[in-house]
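J.:
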Amino acid sequence: MNEASLIGLFVATVSFAALLYLAALGELLSEKAGVLNLGVEGMMAIGAVTAFIAGVELGNPWAALAIAMMSGAALASVHGFFTVALGAEQVVSGLSLTILGLGLAAYLGKDYVGQPHGTELVPVEWAGLSDIPWVGPIFFSQSPIVYIAILMGVAVSVVLTNTRIGLALRASGESASSTDSAGHSVLGLRLSAVAAGGALAGASGAYLTLSLTPQWAEGLTAGRGWIAVALVIFGAWKPGRVGWGAILFGGTLALKTRLQTFGVDFSPIILSMLPYVLTLLILLVISVRSRKRPSPAPAGLGFPYRREER
Amino acid sequence: MMRRPRLDLRDQPLAGGQPLAFGIGLAVALFVGTLLLLSAGHEPLKIYTRMFEASLGDPDAWAVTLNRAVPLGLAGLAVAVAGSMGLWNIGAEGQIMTGAIAASWVARIGGEWPGLILIIAMLIAALGGGGLLALGPAVAKAKLGVNEIITTLMLNEVAIRLAQWLIHGPWKDPDAYNFPLAPMLPEQAHLPTLFSRAHCGILIAAGVIVISSVAVKYTAWGYELRIAGSSEATARYSGISLPHKVLTVLVLSGGIAGLAGGVELTGTADRLTESLSNGFGFAGIIVAALALMRPSGVAVVAVLFGAVQIGGQSIQTLGVSSSVSTILQAFVLFGAIGAGVLSRYRILFEGDTHAVPEEVNK
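In order, the protein sequences belong to chains A and B. Per this note's numbering, numbering through the first sequence is continuous, rising by one, with the last residue being 311. Per this note's numbering, numbering through the second sequence is continuous, rising by one, with the last residue being 908.
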């Protein structure tokens, strides 16, 4: 094990953490408003493929990112329409959304498989900071999306805790009927949260094709959407804690492909179970503790709201 | 001025609402599919004819469709059994895997056993393997109230990786030229065929579905189950032990999903593979939801859904990308979900009279 490969591990950890964090933040927003969206994998795939196509056709990575976010939001809105407007089962609609997203992504991208990418988000150089040993490459030579992910984390945290709209959004996930009584539109709040969540999942997918693996292939998202769903629970629905969880889970993703280089005789497949096993353990801890204090999960998560059933 | 629409609960669900919902779903899928196919320069009519012929056109096609309906139906039943108590088993995908793993393990030990005994032992092991994976979420839900949606979902990923690990490691076939493949099942471990390529898994699935359907509908056990599903408070007042019910129902649900894995292994797959569960567990959730969590409805929906999947695969030979059939499936689902809601609700516009008496409102 040499210094370069260790730095490589940490660089990849931060990259994967950002990838997971963006998608998990989106899921957090949606769940905070009371809507479980199990379509993350599909929304990431749509973000990845539209970013790649836009990158090839337009040559501008920022336009590609914007298009990926809009596509993610549009796909999420399908879930929003069925679960929020019609009140359909969130679990069923979310899983259908995953199928739809993966299918659409494969369809849209079929002529782009194996093509060279049109454009890439160039890593940001932070003048002197990037040259610091260790810290420079790990934190100050990353793709701009990494910094966007951190900014998004701060923004989501601030909006949820310190603004009126954030309060209303959380309220619609805790008790929809009282939010309605207070004069807010539960429908509007939930639809916006779901769409915003889709945009973040789209950005996460875009990170894959604009920075991490600048190629498009079916199955590129490789189950990371499910890790994002797990992360929200792991982080107890708190943006900060979800961030630390993202670094931990990102670390397992980064380590998985490097075990052999480090000469560690441990199955990478067993290692990749870790995020899920840790999430299960955390769930148990939360529920044992919640006998004394309230559960961190939004109380109205999973329940549709219809005014006349108040 | 535009009047805002809203949803209003019907006094009675629309008669025949669910078959109608599935029909509308199909119609929506056909419409969107036609646009998709036209835009890609295909002839929709030719492709739909091929889909029908390949899935329901003759006995051979029926055989393939029924073989597909077996895992879909058993997985759907697993979800529906839990669903009739208001529980979500999202873990059928993983339970199918552990069921298949347990059955493969028996096949490794009993390579010399006579066929019938080996197959029965494998299927029992599959039940156990699926039930075992559901045991953790069941205990956590019953004792601690941990949300079963998330625990079962997480265990999917664990179970699939367990199968991967076995195939890449301890169970790797030494004769497979270093490919990560599990060895083939012994010859006598294959389910006998009924007609054409249809194996007798369809009888097993039909039997289990009938038994469960009767158990849920007509036995005291099923009655308690449905009470517990409709109102926790009522259940508690009538002396039903909820934790005990949750435990047995979730483990049973996992066992049925495991059985799906065992039948798929002995009937179709012939060896443990990473993709044996093939999305059947997730599709099972959708099958159960379309069947309104009624075990009796699962069989019909599973055959129809199987036909959609097999028909979708068949058009790849006409040069249509497999993603088109995935998209069509998704549109069947969303069409049916939407129509399902509208069979229970109707759209009223602002100012229309609220026709539902107060006590009907939940």
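Think of the CB as a built atom: it goes at the ideal place given N, C-alpha and C, for glycine as much as any other residue. Quantities reported herein were computed from a predicted structural model and do not represent experimental measurements.
Within 10 angstroms of the Cβ of PRO240 of chain A, are there 16 or more other Cβ atoms? Answer buried if so, exposed if not.
T.: buried
J.: Can you tell me the Cα-Cα spacing of MET547 of chain B and ALA49 of chain A, whole angstroms?
T.: The predicted model places MET547 of chain B with a pLDDT of 47, which falls under 50 and marks its position as unreliable; any figure quoted below should be read in that light. Cα to Cα, MET547 of chain B sits roughly 42 Å from ALA49 of chain A.
J.: Whose CA, out of A:ALA75, A:ALA34 and A:GLN116, lies closest to the CA of THR210 of chain A?
T.: Closest by alpha carbon: A:GLN116.
J.: Does DSSP put HIS736 of chain B in a helix, in a strand, or in coil?
T.: coil
J.: Please identify the residue among B:ASP719, B:TRP634 and B:GLN734 whose C-alpha is closest to the C-alpha of LEU909 of chain B.
T.: Residue 909 of chain B is absent from the structure shown; chain B starts at 547 and stops at 908.
J.: Per DSSP, what kind of secondary structure is ASP554 of chain B in: helix, strand or coil?
T.: It is a strand residue.
J.: Sort B:GLY675, B:GLY603, B:CYS746 and B:SER821 by Cα distance to PRO726 of chain B and report the nearest one.
T.: B:SER821
J.: Throw me the rounded Cβ distance for the ILE54 of chain A and TYR113 of chain A pair, which I believe falls under 8 Å.
T.: 6 Å
J.: What separation, rounded to the nearest whole angstrom, lies between the Cα atoms of LEU284 of chain A and LEU232 of chain A?
T.: 11 Å
J.: Please work out which residues of its chain come closer than 8 Å, Cβ to Cβ, to ILE786 of chain B, disregarding the five sequence neighbours upstream and downstream, and give them in chain order.
T.: GLU770, ILE773 and ALA774
J.: Taking DSSP as the reference, what is the three-state secondary structure of ASN891 of chain B?
T.: Checking the displayed sequence, the identity of residue 891 of chain B turns out to be Tyr instead of Asn. DSSP places TYR891 of chain B in the strand class (E or B) of the three-state scheme.
J.: Chain A beta carbons: is any one of them nearer than 8 Å to that of PHE598 of chain B?
T.: no
J.: Taking Cβ to Cβ, would you say ALA646 of chain B is nearer than 8 Å to GLY800 of chain B?
T.: Against a cut-off of 8 Å, the Cβ pair of GLY800 of chain B and ALA646 of chain B comes out as no contact.
J.: Using a Cβ-Cβ cut-off of 6 Å (strictly less than) and excluding sequence neighbours within five positions of GLY579 of chain B, which residues of its own chain qualify?
T.: LEU874
J.: Give the single residue among B:VAL870, B:GLY843 and B:ILE713 whose Cα lies nearest to the Cα of ILE856 of chain B.
T.: B:VAL870
J.: In whole angstroms, give me the CA-to-CA distance for ALA200 of chain A and ALA64 of chain A.
T.: Going by C-alpha positions, ALA200 of chain A is about 14 Å away from ALA64 of chain A.
J.: With 16 as the cutoff for other CB atoms within 10 Å, does GLY184 of chain A come out buried or exposed?
T.: exposed
J.: If you reduce the DSSP assignment to three classes, tell me which class ALA913 of chain B lands in.
T.: Look at the range of chain B in this structure, 547 to 908, and you will see that residue 913 of chain B is not part of it.
J.: Is the CB of LYS111 of chain A under 8 Å away from at least one CB in chain B?
T.: yes
J.: State yes or no: is the C-beta of ALA202 of chain A within less than 8 Å of the C-beta of VAL41 of chain A?
T.: Contact: yes.
J.: Using a cut-off of 7 Å between C-beta atoms, extract the partners of ILE270 of chain A located in chain B.
T.: ARG707, GLN710, TRP711 and HIS714
J.: What ranges does the alpha helix (DSSP H) occupy inside the stretch 232-283 of chain A, keeping only unbroken runs of at least 4 residues that lie completely in it?
T.: Taking only runs of at least 4 residues, the alpha helix (DSSP H) segments lying wholly in the stretch 232-283 of chain A are 240-257 and 269-272.
J.: In whole angstroms, what is the alpha-carbon distance linking LYS908 of chain B and ARG892 of chain B?
T.: Caution is warranted here: a pLDDT of 40 is assigned to LYS908 of chain B, below 50, making its placement in the model unreliable, and the coordinate value is therefore given only provisionally. Cα-Cα distance, rounded: 16 Å.
J.: Going along the chain, which residues of the stretch 27-57 of chain A sit with their C-beta nearer than 7 Å to a C-beta in chain B?
T.: none
J.: Please classify TRP135 of chain A as buried or exposed, where buried requires at least 16 other C-beta atoms within 10 Å of its C-beta.
T.: exposed
J.: Measure the CB-CB distance between TYR879 of chain B and ILE802 of chain B and report whether it falls below 8 Å.
T.: Position check: residue 879 of chain B holds Leu in this sequence, whereas Tyr was assumed. ILE802 of chain B is positioned such that its CB atom lies no closer than 8 Å to that of LEU879 of chain B.
J.: Measuring only between beta-carbons, confirm whether PHE880 of chain B sits less than 8 Å from chain A.
T.: yes
J.: If THR99 of chain A sits next to LEU26 of chain A, beta carbons under 8 Å apart, how far is it from one beta carbon to the other, in whole angstroms?
T.: Their Cβ separation, rounded to whole angstroms, is 19 Å, which puts THR99 of chain A and LEU26 of chain A out of contact at 8 Å.
J.: How about GLY517 of chain B and THR697 of chain B: do their beta carbons lie closer than 8 Å?
T.: As shown, chain B starts at 547 and ends at 908. That puts residue 517 of chain B outside it, with no answer to give.
J.: Taking the alpha-carbon of LYS763 of chain B as reference, which of B:ALA779, B:SER585, B:VAL627 and B:GLY661 has the nearest alpha-carbon?
T.: Considering only alpha carbons, the answer is B:VAL627.
J.: Is the beta carbon of SER860 of chain B less than 8 Å from the beta carbon of ARG614 of chain B?
T.: No, the Cβ-Cβ distance between SER860 of chain B and ARG614 of chain B is not below 8 Å.
J.: Pair every Cβ in the stretch 619-634 of chain B with every Cβ in the stretch 746-754 of chain B, then say whether three or more of these pairs are closer than 8 Å.
T.: Contact between the stretch 619-634 of chain B and the stretch 746-754 of chain B is present: 3 or more CB-CB pairs across the two stretches fall below 8 Å.
J.: Is the Cβ-Cβ distance between SER650 of chain B and LEU811 of chain B less than 8 Å?
T.: yes
J.: Does the beta carbon of ALA223 of chain A come closer than 8 Å to any beta carbon on chain B?
T.: No, because no Cβ of chain B sits closer than 8 Å to the Cβ of ALA223 of chain A.
J.: Could you check where the alpha helix (DSSP H) with LEU678 of chain B kicks off and where it finishes?
T.: 661-685
J.: Does the Cβ of ARG225 of chain A have 16 or more other Cβ atoms within 10 Å, making it buried, or fewer, making it exposed?
T.: buried
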